[in-house]
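Quick note, the sequence shown lines up with residues 41 to 180 if you use our numbering.
Contents: one structure, followed by commentary.
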Amino acid sequence: MDKQHLLAQDCVRYNLDVIRLQETKVRQFSDSRLPGNHRLLLFDQKDGYHGGLGFLINTRVNHYFRSFHQISDRVVYMDFFVPSKSACKPPCKLRIINCYSPTNPKTISNPSATDQSYRELQVAVDVPARNGHSALIPLL
């Protein structure tokens, strides 16, 4: 069984809504369906072959998915819109960020790589207040 099918199985086995993927080594963007109708987004690498990012979205939350944006090879995000179960509460707008920071040896030899990484991450985090997003940021 290939790794993508194992991801779909893990999504169900561990009751996960979203899995962030790193080190995909994918050169072209793809948006595909896996067994169980889980959605797999793999982002292309424009500036090298150092990693690669993606998301697996469980079929039970896919209808809340609204959009994605690739800021760079190292930062991507997805936006979700989850309606409220109560008429007096606003819907939840959620942003999930996947980031892949430069390794320590690279930042020592090129300190500007760290600065660039944080600038790209800041773009993903910056959401106009009127949009009411909550951002989930994994540890770097």
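In this text, a Cβ means the ideal position worked out from N, Cα and C, and glycines have one as well.
For Pro142, the closest alpha carbon among the candidates Ser126, Glu160 and Asn77 is that of Glu160.
Taken atom to atom, the span from the alpha-carbon of Ser124 to that of Asn144 is near 42 Å. Cβ contact annotation for Ile59 (same chain, cutoff 8 Å, sequence separation greater than five): Leu47, Asp50, Cys51, Phe95 and Leu96, in chain order. With distances taken between CA atoms, Lys86 lies nearest to Val116 out of Val116, Ala127 and Arg106.
With fewer than 16 other Cβ atoms inside 10 Å of its own Cβ, Cys128 counts as exposed.
When Met118, Asp42 and Asp113 are compared, the shortest CA-CA separation from Val101 is found for Met118. Around the beta carbon of Asn77, fewer than 16 other beta carbons sit within 10 angstroms, so the residue counts as exposed. Counting along the chain, Asn55 sits inside no alpha helix (DSSP H), nor does DSSP assign it H or E at all. Excluding sequence positions up to five before and after Thr99, its CB lies within less than 7 Å of the CB of Gly76, Asn77 and His78, all in the same chain and listed in chain order. A direct Cα-Cα distance of roughly 31 Å separates Tyr158 from Asn55.
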